[in-house]
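Following: one structure in structure tokens, then a few remarks.
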Amino acid sequence: MSTLWTRKEAADPWLEAFLSGNDQALDLELVPHDCRASRAHARMLQGIGVLTADEFAALDEGLSEIEALLAKGEFAIASEEEDGHTAIENFLTERCGDAGKKIHTGRSRNDQVLTALRLWEKEKLGELLDATDVYAAALNSVCQGKGNTAMPGYTHMQPAMPTTIGMWLGSFAAAAADDRQYLEFARQSVDQCPLGTAAGFGVPVFKIDREQTAKELGFARVQSNPMYAQLSRGRLESLVLAACTQVMHGLNRLAVDLMMFSMREFGFVSLPTALCTGSSIMPQKRNP
């Protein structure tokens with residue numbers, strides 16, 4: 001099989017391997033969302049007469065087959081296919097004939113990958129929001145049960161003022177509340193559908209129904225300006241990363257405190273064995 005962008009003068013295989021790295025493995029994360037977006041796009045194409053009902057039914061069945069293979073870990077992206085988009089199109093073309101190629105009508109690989117990425121980000125941010133709620137609830141539960149227990153407060157690693165467990169752990173719960181706002185803002189920012197913006201200039205040759213695909217995919221709104229949709233590549237991802245960084249910062253602070261307070265010099269907490277390792281030469285060690 002030739003690659004998607006076959007050239008007369010091929011690049012050195014080592015260079016291609018270096019530049020692509022583990023792209024295929026990473027792309028598999030997006031394939032389920034690419035299938036969702038492709039199904040919504042195909043349904044819209046049927047609605048405007050580009051695809052027949054039989055063609056849509058065949059594509060729908062083919063996409064379901066890909067999803068089933070993914071669930072079993074049996075869908076792969078060949079190195080010659082370069083990415084998940086080509087793997088999906090090749091699979092559909094083999095199963096559905098020309099309909100597998102017609103599904104790409106009115107879209108570019110640019111808005112195709114951007115849509116899959118937005119869907120993935122929405123899903124992962126939702127999971128992270130749920131995990132943040134569980135984390136905050138656990139902190140608040142300890143604060144309610146043992147919040148009045150006295151403990152020393154430290155500055156510069158030195159005892160400074162008397163405080164309580166509630167004050168200490170409550171600081172992380174308060175940070176988690178802020179983290180939730182950051183995550184929610186990031187999720188709202190990516191909750192706009194770029195499908196139909198093509199390569200940054202839209203699809204001016206015929207009218208597609210972007211509202212329909214956005215609604216089917218569960219987006220709050222359409223990303224209306226095609227050029228900005230493509231220029232937002234990386235921009236919105238930086239918001240997601242910034243929100244995740246805030247979460248990681250709070251978790252890191254708590255982890256350091258727990259590690260320090262589990263030392264015998266402090267003895268405030270005892271970490272479960274599941275969070276500890278040992279030493280090959282010092283049997284008394286319980287390393288966090």
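In terms of UniProt numbering, the sequence shown opens at residue 1 and continues consecutively. For glycine and all other residues, C-beta sits at the position ideal for the given N, C-alpha and C. The model shown is predicted, which means the values in this text are computed figures rather than measured ones.
Quick check on DSSP: helix, strand or coil for residue i?
{"i": "threonine 52", "result": "coil"}
{"i": "methionine 167", "result": "helix"}
{"i": "glutamine 223", "result": "coil"}
{"i": "alanine 199", "result": "coil"}
{"i": "methionine 282", "result": "coil"}
{"i": "alanine 76", "result": "coil"}
{"i": "phenylalanine 206", "result": "coil"}
{"i": "glutamate 65", "result": "helix"}
{"i": "glutamate 81", "result": "coil"}
{"i": "phenylalanine 266", "result": "coil"}
{"i": "threonine 213", "result": "helix"}
{"i": "methionine 1", "result": "Residue confidence is low: methionine 1 scores 49 on pLDDT, short of 50, so the model does not pin down where it sits. Its coordinate-derived value is still stated next. In the structure shown, methionine 1 sits in coil (DSSP, three-state: anything other than H, G, I, E or B)."}
{"i": "leucine 271", "result": "coil"}
{"i": "aspartate 12", "result": "coil"}
Out of curiosity, what's the CA-to-CA distance linking residue i and residue j?
{"i": "threonine 105", "j": "leucine 45", "result": "8 Å"}
{"i": "leucine 28", "j": "serine 141", "result": "39 Å"}
{"i": "glycine 126", "j": "methionine 263", "result": "36 Å"}
{"i": "arginine 36", "j": "threonine 132", "result": "27 Å"}
{"i": "glutamine 24", "j": "histidine 85", "result": "11 Å"}
{"i": "asparagine 225", "j": "threonine 197", "result": "8 Å"}
{"i": "alanine 175", "j": "proline 288", "result": "23 Å"}
{"i": "glycine 73", "j": "proline 32", "result": "12 Å"}
{"i": "alanine 53", "j": "proline 272", "result": "58 Å"}
{"i": "arginine 109", "j": "leucine 195", "result": "10 Å"}
{"i": "valine 205", "j": "leucine 169", "result": "59 Å"}
{"i": "aspartate 83", "j": "isoleucine 77", "result": "7 Å"}
{"i": "valine 240", "j": "methionine 227", "result": "21 Å"}
{"i": "leucine 30", "j": "aspartate 130", "result": "21 Å"}
{"i": "valine 203", "j": "aspartate 111", "result": "11 Å"}
{"i": "methionine 260", "j": "leucine 275", "result": "14 Å"}
{"i": "aspartate 177", "j": "alanine 186", "result": "Checking the sequence, you will find alanine at residue 177 rather than aspartate. In a straight line, the C-alpha of alanine 177 is about 15 Å away from that of alanine 186."}
{"i": "alanine 71", "j": "aspartate 34", "result": "14 Å"}
{"i": "valine 222", "j": "leucine 51", "result": "23 Å"}
{"i": "leucine 114", "j": "methionine 282", "result": "52 Å"}
{"i": "arginine 180", "j": "glycine 250", "result": "12 Å"}
{"i": "arginine 118", "j": "isoleucine 103", "result": "20 Å"}
{"i": "alanine 57", "j": "glycine 97", "result": "13 Å"}
{"i": "glutamate 55", "j": "leucine 217", "result": "21 Å"}
{"i": "valine 269", "j": "glycine 278", "result": "18 Å"}
{"i": "glutamate 81", "j": "phenylalanine 75", "result": "13 Å"}
Along the alpha helix (DSSP H) that carries residue i, what are the first and last residues, could you check?
{"i": "glycine 250", "result": "235-261"}
{"i": "phenylalanine 91", "result": "84-96"}
{"i": "glycine 145", "result": "109-146"}
{"i": "serine 38", "result": "23-47"}
{"i": "glycine 100", "result": "99-102"}
Check the DSSP bridge columns for residue i and list the partner residues they point to.
{"i": "glutamine 181", "result": "Answer is none; glutamine 181 lacks a bridge partner."}
{"i": "asparagine 287", "result": "Thr277"}
{"i": "phenylalanine 193", "result": "The identity of residue 193 in the sequence shown is cysteine, whereas the question assumes phenylalanine. Beta-bridge pairing links cysteine 193 to Val222."}
{"i": "proline 159", "result": "Tyr154"}
Taking the beta strand (DSSP E) that residue i falls in, what are its first and last residues?
{"i": "proline 152", "result": "150-155"}
Would you say residue i reaches chain D, if we count a Cβ-Cβ gap shorter than 8 Å as a contact?
{"i": "alanine 198", "result": "In the structure shown, chain D does not exist; there is a single protein chain."}
Taking 8 Å as the cut-off, does the segment 213-233 touch the segment 248-261 (at least 3 CB pairs, one atom from each stretch)? no
Contact between the segment 148-163 and the segment 180-192: three or more CB pairs below 8 Å? no
Kindly confirm or deny that the segment 202-215 and the segment 30-47 touch, where touching means at least three C-beta pairs closer than 8 Å. yes
Can we say the segment 138-155 touches the segment 241-252, given the rule of at least three CB pairs closer than 8 Å? no
Pairs of beta-carbons, one from the segment 85-100 and one from the segment 63-73, closer than 8 Å: are there three or more? yes
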